[in-house]
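Below is one structure, written out as structure tokens; comments come after it.
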Amino acid sequence: MEYEIVIGLEVHSELSTKSKIYCTCTTEFGGEVNTHCCPICTGMPGVLPVLNEKVVEYAVKAGLATNCTIAEYSKQDRKNYFYPDLPKAYQTSQYDLPICKNGYIDIEVNGETKRIGLTRIHIEEDAGKLMHDEWDTGSLVDYNRCGVPLIEIVSEPDIRSAEEAKVFLENLKAILQYIDVSDCKMQEGSLRADVNLSVRPKGQKEFGTRTEMKNLNSFRGIIRAIEAETKRQIDEIESGGVIVQETRRWDDNKGISYAMRSKEEAHDYRYFPEPDLVPIVLDKEWIEKIRESLPELPEARKKRYVSEYGLPEYDAGILTSSKALSDFFEDAVSKSSNAKAVSNWIMGDLMRLLKEKNMEAEEIPFSGEYLAKMVALIDKGTISGAIAKKVFDKMFNTGKDPEVIVKEEGLEVVSDEGALVAVVTKILENNPQSVADYKSGKEKAFGFLVGQAMKETKGKASPQIINKILKEELDKM
Numbered sequence: 023m024e025y026e027i028v029i030g031l032e033v034h035s036e037l038s039t040k041s042k043i044y045c046t047c048t049t050e051f052g053g054e055v056n057t058h059c060c061p062i063c064t065g066m067p068g069v070l071p072v073l074n075e076k077v078v079e080y081a082v083k084a085g086l087a088t089n090c091t092i093a094e095y096s097k098q099d100r101k102n103y104f105y106p107d108l109p110k111a112y113q114t115s116q117y118d119l120p121i122c123k124n125g126y127i128d129i130e131v132n133g134e135t136k137r138i139g140l141t142r143i144h145i146e147e148d149a150g151k152l153m154h155d156e157w158d159t160g161s162l163v164d165y166n167r168c169g170v171p172l173i174e175i176v177s178e179p180d181i182r183s184a185e186e187a188k189v190f191l192e193n194l195k196a197i198l199q200y201i202d203v204s205d206c207k208m209q210e211g212s213l214r215a216d217v218n219l220s221v222r223p224k225g226q227k228e229f230g231t232r233t234e235m236k237n238l239n240s241f242r243g244i245i246r247a248i249e250a251e252t253k254r255q256i257d258e259i260e261s262g263g264v265i266v267q268e269t270r271r272w273d274d275n276k277g278i279s280y281a282m283r284s285k286e287e288a289h290d291y292r293y294f295p296e297p298d299l300v301p302i303v304l305d306k307e308w309i310e311k312i313r314e315s316l317p318e319l320p321e322a323r324k325k326r327y328v329s330e331y332g333l334p335e336y337d338a339g340i341l342t343s344s345k346a347l348s349d350f351f352e353d354a355v356s357k358s359s360n361a362k363a364v365s366n367w368i369m370g371d372l373m374r375l376l377k378e379k380n381m382e383a384e385e386i387p388f389s390g391e392y393l394a395k396m397v398a399l400i401d402k403g404t405i406s407g408a409i410a411k412k413v414f415d416k417m418f419n420t421g422k423d424p425e426v427i428v429k430e431e432g433l434e435v436v437s438d439e440g441a442l443v444a445v446v447t448k449i450l451e452n453n454p455q456s457v458a459d460y461k462s463g464k465e466k467a468f469g470f471l472v473g474q475a476m477k478e479t480k481g482k483a484s485p486q487i488i489n490k491i492l493k494e495e496l497d498k499m
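Sequential numbering from 23 applies to the sequence shown in the working numbering.
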């Protein structure tokens with residue numbers, strides 16, 4: 023039997039406000055354990071929370087950027103459960119009146135565009151972090167993360183493959199970075215996803231029983247978890263078993279998931295309105311002011327790169343997939359008359375080095391202006407393409423100005439025809455067979471001779487001048 027998978031995602035994104043959602047403690051990542059907390063975010067008796075206005079602004083920004091309807095009236099609720107990483111034994115969240123509803127994000131997979139609906143975006147506080155003793159003697163709690171503001175973005179069950187889930191998350195991550203509401207550093211837990219997944223026979227309208235895998239914080243882990251859970255559910259059904267609605271924990275190292283607990287429903291949390299916080303009332307003028315402040319979003323920027331710079335859609339898609347990468351391209355292309363060359367260097371050598379060094383686009387060690395300068399050096403004939411690769415690597419490793427690198431290391435193209443005639447003469451004398459092959463009509467021999475001449479000059483000769491002199495000398499023979 024053929025099966026179809028049905029996926030809905032609950033994405034948690036920490037907002038990049040300077041202070042927490044209900045107190046003035048810093049949201050800075052790291053720090054000594056239990057030093058970024060106070061009586062309010064640790065839920066001590068008698069304290070009162072005060073909502074951070076910036077959290078509301080960032081949530082509205084995220085909603086507008088993802089085509090949501092913004093609620094002019096919303097409220098906050100207590101979500102009651104006991105976990106030791108939330109010392110007050112409830113989480114302040116939003117239940118029936120979220121701040122954003124009914125949005126969507128368009129994704130493109132295998133050349134086809136698909137719309138993924140968003141049920142809601144709501145604000146809530148993050149929990150602390152449990153650290154389990156490796157000898158199983160107990161667990162310790164770090165409350166630094168308690169009260170860090172989150173938005174939870176809940177998708178409709180519109181996703182049908184691991185690839186669609188990945189592209190959706192990549193698009194969402196880019197949007198949140200472009201509007202500057204979250205750094206989306208998955209390795210620091212700033213962006214993580216819960217995967218709700220079920221399988222059903224192809225053609226069946228009713229959904230199967232779903233499971234939820236919690237707190238996946240890498241694209242690779244999400245893809246692997248989806249693939250493994252799909253196989254587990256199909257195997258269970260095929261062997262006559264029944265899928266149990268439950269929450270599971272994914273172990274990325276072992277590539278398997280474990281049952282944690284039966285899946286809670288809304289009534290299990292005993293939601294009720296938060297009595298210590300007033301409702302959130304927004305006026306239309308304030309919402310429109312935020313809408314007007316939105317920057318150019320990834321999809322719009324991608325279309326502009328295609329129309330304005332003539333870039334292929336694939337290249338434009340890669341360049342705009344990361345705000346840092348796109349901003350780097352913008353910086354370089356604003357100082358260069360050769361947008362395609364700038365794009366090629368980013369798509370090729372820059373992406374290669376970032377991957378080799380395991381670095382993010384935010385960590386590029388030189389400015390876009392330096393890349394523009396290097397492209398200009400090539401276009402003016404000051405350095406060759408082969409030398410440019412050496413300059414680029416040096417620029418990446420040192421952060422130096424390419425003009426300084428070329429000058430310090432004497433990398434300028436040799437264009438003295440007299441000196442190059444001597445080089446060509448030597449190459450022709452040392453390669454009589456290639457000369458004979460060229461004379462007999464074998465064009466590849468000419469390319470070999472050019473290569474030998476470039477090798478002799480250590481790549482510093484002008485290829486155009488070498489070609490010209492080589493033809494002249496061969497014609498004389």
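Ideal Cβ positions, reconstructed from N, Cα and C, are used throughout, including at glycine.
Measure the C-alpha to C-alpha separation of Arg-254 and Ser-220 and round it to an integer number of angstroms. As a first step, residue 254 must be located in the sequence shown, where it is residue number 232. As a first step, residue 220 must be located in the sequence shown, where it is residue number 198. Approximately 11 Å, taken between the alpha carbons.
Smallest Cα separation from Ser-204: which of Asn-452, Ile-487, Leu-37, Asp-459? Position 182 of the sequence shown, counting from 1, holds the residue named residue 204. Nearest option by C-alpha distance: Leu-37.
Assign Gln-474 to one of three DSSP states: helix, strand, or coil. On the sequence shown, residue 474 is found 452 positions in, with the first residue counted as 1. Of the three classes helix, strand and coil, the one that applies to Gln-474 here is helix, per DSSP.
Take the Cβ of Phe-294 as the centre, count every other Cβ of all protein chains shown within 10 Å, and call the residue buried at 16 or more, exposed below. Start at 1 with the first residue of the sequence shown, and residue 294 comes out as number 272. So Phe-294 ends up on the exposed side.
Thr-88 to Met-208 span [Cα, whole Å]: The count along the sequence shown starts at 1 and reaches residue 88 at position 66. The count along the sequence shown starts at 1 and reaches residue 208 at position 186. Straight-line Cα distance between these residues: approximately 20 Å.
Can you grab the Cα-Cα spacing for the pair Lys-227 / Asp-180, in whole Å? Counted from its first residue, the sequence shown places residue 227 at position 205. Counted from its first residue, the sequence shown places residue 180 at position 158. For Lys-227 and Asp-180, the distance between alpha carbons rounds to 13 Å.
Between the CA atoms of Leu-376 and Met-369 - distance to the nearest angstrom: In the sequence shown, counting from the first residue as 1, residue 369 sits at position 347. In the sequence shown, counting from the first residue as 1, residue 376 sits at position 354. So the two alpha carbons sit approximately 11 Å from each other.
Give the range of the beta strand (DSSP E) segment to which Trp-272 is assigned. Here residue 272 refers to the residue found at position 250 of the sequence shown. That run of the beta strand (DSSP E) goes 268-273.
Can you grab the Cα-Cα spacing for the pair Ser-121 / Ser-329, in whole Å? One-based indexing of the sequence shown puts residue 121 at position 99. One-based indexing of the sequence shown puts residue 329 at position 307. Contrary to the premise, residue 121 reads as Ile rather than Ser in this sequence. When rounded, the distance between both Cα atoms is 36 Å.
Report yes if the CB atom of Leu-433 is closer than 7 Å to the CB atom of Ile-487, and no otherwise. Translated into positions along the sequence shown, residue 433 becomes position 411. Translated into positions along the sequence shown, residue 487 becomes position 465. Result no, Cβ atoms of Leu-433 and Ile-487 do not sit closer than 7 Å.
Could you give the uninterrupted runs of the alpha helix (DSSP H) lying entirely in the stretch 289-319, keeping only those of 4 residues or more? 306-315
Whole beta strand (DSSP E) elements within the stretch 225-281, 3-residue minimum: Listed in chain order, the complete beta strand (DSSP E) runs (minimum 3 residues) inside the stretch 225-281 are 233-238, 268-273.
Near Arg-292, which residues of its chain fall below 7 Å by C-beta distance, leaving aside the five closest residues on each side in sequence? Numbered from 1 along the sequence shown, position 270 holds the residue referred to as residue 292. Excluding residues within five positions, the ones whose Cβ falls inside 7 Å are Asn-102.
Sheet register partners of Glu-147 (DSSP bridge): As a first step, residue 147 must be located in the sequence shown, where it is residue number 125. Residue pairing by DSSP places Glu-147 opposite Pro-171 in a beta bridge.
Proximity of Glu-384 and Ala-354 at Cβ, strictly below 7 Å: Here residue 384 refers to the residue found at position 362 of the sequence shown. Here residue 354 refers to the residue found at position 332 of the sequence shown. At a Cβ-Cβ threshold of 7 Å, Glu-384 and Ala-354 do not count as neighbours.
Hey, out of Glu-439, Gly-469, Ile-173, Leu-492, whose CA is closest to Leu-213's CA? As a working note, residue 213 is residue 191 in the sequence shown. Comparing Cα-Cα distances from Leu-213 to each of Glu-439, Gly-469, Ile-173, Leu-492, the minimum goes to Ile-173.
Who does Leu-119 pair with in a DSSP beta bridge? Your numbering for residue 119 matches position 97 in the sequence shown. According to DSSP, which records beta bridges pairwise, Leu-119 is partnered with nothing at all.
Ser-204 (DSSP reduced to helix, strand or coil): Counting from one through the sequence shown, the residue named residue 204 turns up at place 182. Ser-204 falls in the coil class under three-state DSSP.
Would you mind reading off the limits of the alpha helix (DSSP H) that contains Ala-87? The residue given as residue 87 occupies position 65 in the sequence shown. Its alpha helix (DSSP H) spans residues 75-87.
Can you give me the Cβ contacts of Asp-415 inside the same chain, cut-off strictly under 8 Å, excluding the 5 residues immediately before and after it? As a working mapping, residue 415 is identified with position 393 in the sequence shown. The answer, listed in chain order, is Asp-371, Leu-375.
Tyr-25 and Ile-256 - do their beta-carbons sit closer together than 7 Å? On the sequence shown, position 234 is the one that residue 256 refers to. On the sequence shown, position 3 is the one that residue 25 refers to. Yes, Cβ-Cβ distance for Ile-256 and Tyr-25 is below 7 Å.
CB-CB length for Val-397 against Val-364, believed under 8 Å: For the purposes of this step, residue 397 is taken as residue 375 along the sequence shown, with counting starting at 1. For the purposes of this step, residue 364 is taken as residue 342 along the sequence shown, with counting starting at 1. About 6 Å separates the two Cβ atoms, so the contact holds.
Got a sec? Which residues, its chain only, sit under 7 Å from Ile-302 by beta carbon, not counting five neighbours each side? Your numbering for residue 302 matches position 280 in the sequence shown. Exclusion of the five residues before and after Ile-302 leaves Val-78, Ser-96, Lys-97, Ile-121 as the residues of its chain whose Cβ lies within less than 7 Å of its Cβ.
For Gly-68, is the classification buried or exposed, using 16 other Cβ atoms within 10 angstroms of its Cβ as the cut-off for buried? Taking the sequence shown and counting its residues from 1, the one referred to as residue 68 is at position 46. It is exposed - the Cβ of Gly-68 has fewer than 16 other Cβ atoms within 10 Å.
Quick one: measure Cβ to Cβ for Leu-152 and Ile-175, integer angstroms, because I've assumed they're closer than 8 Å. The residue you call residue 152 lines up with position 130 of the sequence shown. The residue you call residue 175 lines up with position 153 of the sequence shown. Rounded, the Cβ-Cβ distance is 24 Å, inconsistent with contact.
Pick helix, strand or coil for Arg-214, following the three-state DSSP scheme. Translated into positions along the sequence shown, residue 214 becomes position 192. Strand at Arg-214.
Gly-125 and Cys-90 closer than 7 Å at C-beta: By one-based count along the sequence shown, residue 125 stands at place 103. By one-based count along the sequence shown, residue 90 stands at place 68. In this structure, Cys-90 lies closer than 7 Å to Gly-125 by Cβ.
Cα-Cα separation between Lys-395 and Ile-143, rounded to whole angstroms: The sequence position of residue 395 within the sequence shown is 373, counting from 1. The sequence position of residue 143 within the sequence shown is 121, counting from 1. Near 44 Å, if we compare the C-alpha coordinates of Ile-143 and Lys-395.
Using the three-state DSSP reduction, which class does Gly-407 fall into: helix, strand or coil? On the sequence shown, residue 407 is found 385 positions in, with the first residue counted as 1. Of the three classes helix, strand and coil, the one that applies to Gly-407 here is helix, per DSSP.
Please classify Trp-367 as buried or exposed, where buried requires at least 16 neighbouring CB atoms within 10 angstroms. Working through the sequence shown from its first residue, we reach residue 367 at position 345. The residue is buried, with at least 16 neighbouring Cβ atoms inside 10 Å.
Residue(s) in a DSSP beta bridge with His-154: Taking the sequence shown and counting its residues from 1, one reaches residue 154 at position 132. Partner(s): Ser-161.
What do you get for Ala-458, buried or exposed, if any count of 16 or more other CB atoms within 10 angstroms of its CB means buried? Numbered from 1 along the sequence shown, position 436 holds the residue referred to as residue 458. Looking at its Cβ environment, which holds fewer than 16 other Cβ atoms inside 10 Å, Ala-458 is exposed.
Contact check, Gly-150 vs Leu-108 under 8 Å by CB: the rounded distance? Here residue 150 is taken as the residue at index 128 of the sequence shown, counted from 1. Here residue 108 is taken as the residue at index 86 of the sequence shown, counted from 1. With a Cβ gap of about 7 Å, Gly-150 and Leu-108 count as contacting.
Determine, using beta carbons only, whether Val-428 and Ser-484 come nearer to each other than 7 Å. Start at 1 with the first residue of the sequence shown, and residue 428 comes out as number 406. Start at 1 with the first residue of the sequence shown, and residue 484 comes out as number 462. No. Outside cutoff.
If we call anything under 7 Å between Cβ atoms a contact, is Thr-342 one with Pro-320? Taking the sequence shown and counting its residues from 1, one reaches residue 342 at position 320. Taking the sequence shown and counting its residues from 1, one reaches residue 320 at position 298. Yes.
In the DSSP output, what is Arg-142 paired with across the bridge? The sequence position of residue 142 within the sequence shown is 120, counting from 1. In DSSP, Arg-142 forms a bridge with Lys-123, Val-176.
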